[in-house]
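To convert a position in the sequence shown, counted from 1, into the working numbering, add 1124.
Virtual Cβ for every residue (Gly too), placed ideally from N, Cα, C.
Take a look at the structure below.
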Amino acid sequence: MTLSEPDVALTDFGLAIECAVFAAWLYWGAAAGPLRNWWILFYGALSGSALLGGITHGLVVDHDSLPARALWGATLLAIGLAALACWAIGGYLLFRRRAAEQLIIFAAALFAAYAAVVLFVTPSFAIAVVHYGLAGAFLLAAFMVIYRRRRERAILWGIAGLALSYGAAAVQQSETAMPALNLSYNALYHLIQAVALLLIFLAARTLAREAACARDATS
């Protein structure tokens, strides 16, 4: 089997595996709770978007065909779900449950508007970057606030990971490639994101555990 864009497809598949592993660890390695569930959605959605992106870049020849457009639309929706998870996670980190749930309602409405745009107006990846970027900025702010309260190293890893993900987006949008390593800008973007998502996971597993312990202590 020959991949049409091998570097992009293979790095996409690598991201899909990485995020699936993180989601599985959170499912089996952390106690149940709203925060854990949203982290699972975050990594599950990113795994799905990477898998679909890999199929699109590696196996689809006619990108104007109906199957190709359907795959790309599903990819963008998965990114939108990851953004929804960012809003929810940040809400649970910063606010009491009732306020967090109200924020999730707002984020769900924002996701619905985003879905309408990418499905019926323009399937632009730049729109996905902006939509996810806003949610990521809120999560980054939440991480910074709780770091001031707790001073935990794991939260610093999360801050670094989110900051690095913005660097990855800058690489992708500026189309910065590494010809010496035969890496296109999309493949380089994926590799940087892989590191960023690992750093965020180091924070996620600690925060999910702490939320479960706090819930058990008050129950």
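*Using the C-alpha atoms, what's the distance from Leu1234 back to Ala1346?*
The chain is shown from 1125 up to 1343; residue 1346 falls before or after that span and cannot be answered.
*asked:* Please tell me whether Trp1211 and Leu1263 are closer than 9 Å, where the distance is taken between their beta carbons.
replied: To locate residue 1211, count along the sequence shown from 1; it is residue 87. To locate residue 1263, count along the sequence shown from 1; it is residue 139. Contact: yes.
*asked:* Given this structure, state the Cα-to-Cα distance separating Pro1303 from Arg1272, to the nearest angstrom.
replied: Translated into the one-based positions of the sequence shown, residue 1303 becomes position 179. Translated into the one-based positions of the sequence shown, residue 1272 becomes position 148. Approximately 41 Å, taken between the alpha carbons.
_Using C-beta distances below 8 Å, list every residue in its chain close to Ala1265, excluding the 5 sequence neighbours before and after it, in chain order._
Taking the first residue of the sequence shown as position 1, residue 1265 is located at position 141. Around Ala1265: Gly1214.
*Mind checking Asn1306: buried by the 16 CB within 10 Å criterion, or exposed?*
Along the sequence shown, read from residue 1 onward, the residue named residue 1306 stands at position 182. With fewer than 16 Cβ atoms within 10 Å of its Cβ, Asn1306 is classed as exposed.
*asked:* Taking its Cβ as the centre, do 16 or more other Cβ atoms sit within 10 Å of Ser1343, making it buried, or is it exposed?
replied: Taking the first residue of the sequence shown as position 1, residue 1343 is located at position 219. The predicted model places Ser1343 with a pLDDT of 45, which falls under 50 and marks its position as unreliable; any figure quoted below should be read in that light. With fewer than 16 Cβ atoms within 10 Å of its Cβ, Ser1343 is classed as exposed.
*Measuring CA to CA, which of Thr1300, Leu1217, Phe1244 and Ala1206 is closest to Ala1231?*
Here residue 1231 is taken as the residue at index 107 of the sequence shown, counted from 1. A check of alpha carbon separations from Ala1231 across Thr1300, Leu1217, Phe1244 and Ala1206 identifies Ala1206 as the nearest.
*Could you pull out every residue in the same chain whose Cβ sits closer than 7 Å to the Cβ of Gly1197, ignoring the five residues on either side in sequence?*
As a first step, residue 1197 must be located in the sequence shown, where it is residue number 73. Val1242, Leu1243 and Pro1247.
*Select from Glu1334, Asn1310 and Leu1150 the residue whose C-alpha is nearest the C-alpha of Gly1178.*
Looking up residue 1178 in the sequence shown gives position 54. Comparing Cα-Cα distances from Gly1178 to each of Glu1334, Asn1310 and Leu1150, the minimum goes to Asn1310.
*Residues near Leu1201 by beta carbon distance below 8 Å, same chain, minus five either side*: On the sequence shown, position 77 is the one that residue 1201 refers to. For Leu1201, where only same-chain residues beyond five positions count, the Cβ hits under 8 Å are Ala1239, Val1242 and Leu1243.
_Closest Cα partner of Leu1326 within the set Ser1308, Leu1208 and Tyr1167_ = By one-based count along the sequence shown, residue 1326 stands at place 202. Comparing Cα-Cα distances from Leu1326 to each of Ser1308, Leu1208 and Tyr1167, the minimum goes to Tyr1167.
*Assign Leu1068 to one of two classes, buried (16 or more other C-beta atoms within 10 Å of its C-beta) or exposed (fewer than that).*
Examination of residue 1068 is not possible in this model, given that the chain is present from 1125 through 1343 alone.
*Following the continuous alpha helix (DSSP H) through Ser1289, name the residue where it begins and the one where it ends.*
Locating residue 1289 in the sequence shown gives position 165, where the first residue counts as 1. It spans Arg1277 to Ser1298 - the alpha helix (DSSP H) in which Ser1289 sits, taken as one unbroken run.
_For Ala1223 and Leu1159, I'd like the C-alpha separation in whole angstroms._
In the sequence shown, residue 1223 corresponds to position 99, counting from 1. In the sequence shown, residue 1159 corresponds to position 35, counting from 1. Near 14 Å, if we compare the C-alpha coordinates of Leu1159 and Ala1223.
*In this structure, does DSSP put Leu1200 in helix, strand or coil?*
For the purposes of this step, residue 1200 is identified with residue 76 of the sequence shown, where counting begins at 1. Helix.
*The alpha helix (DSSP H) with Gly1157 in it runs from where to where?*
Against the sequence shown, residue 1157 aligns to sequence position 33. First-last for Gly1157: undefined, no H or E at that position.
*Quick one: residues in its chain with C-beta nearer than 6 Å to the C-beta of Tyr1313, no 5 flanking neighbours on either side, listed in chain order?*
Residue 1313 sits at position 189 when you count from the first residue of the sequence shown. Around Tyr1313: Ala1292, Val1295 and Gln1296.
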